[in-house]
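According to this note's numbering, the sequence shown is numbered sequentially starting from 1.
Take a look at the structure set out below.
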Amino acid sequence: MELQYTYWQEPDGWILGYLNDYPEHWTQGKTILELEEMLTDLYEIQREEKAQVIPERKIGKLNVNVA
């Protein structure tokens, strides 16, 4: 199975990234190989969570008056 991911290198040298199917879950590594290992772990966790019954998520809007 092939998964696409997005990544970038921070000024401190760490490489951050996320699976394109799960952009809200970032991970990091010191090398691309380490990042890919972390992304693989992240995929396995997400796959296990999807197997559980998760209620449908909805988005609400909140208007806040700023004084």
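The beta carbon of each residue, even a glycine, is placed where N, CA and C say it ideally should be.
Leaving out five residues on either side along the sequence, give the residues of the same chain with a beta carbon under 7 Å from the beta carbon of residue i.
i, result
"residue 39", "5, 17, 19 and 27"
"residue 64", "none"
"residue 67", "none"
"residue 9", "15"
How about residue i and residue j: do their beta carbons lie closer than 9 Å?
i, j, result
"residue 35", "residue 22", "no"
"residue 15", "residue 30", "yes"
* Every unbroken beta strand (DSSP E) within the region 2-49, with a cutoff of 3 residues, ordered by chain -> 5-9, 15-19 and 26-29
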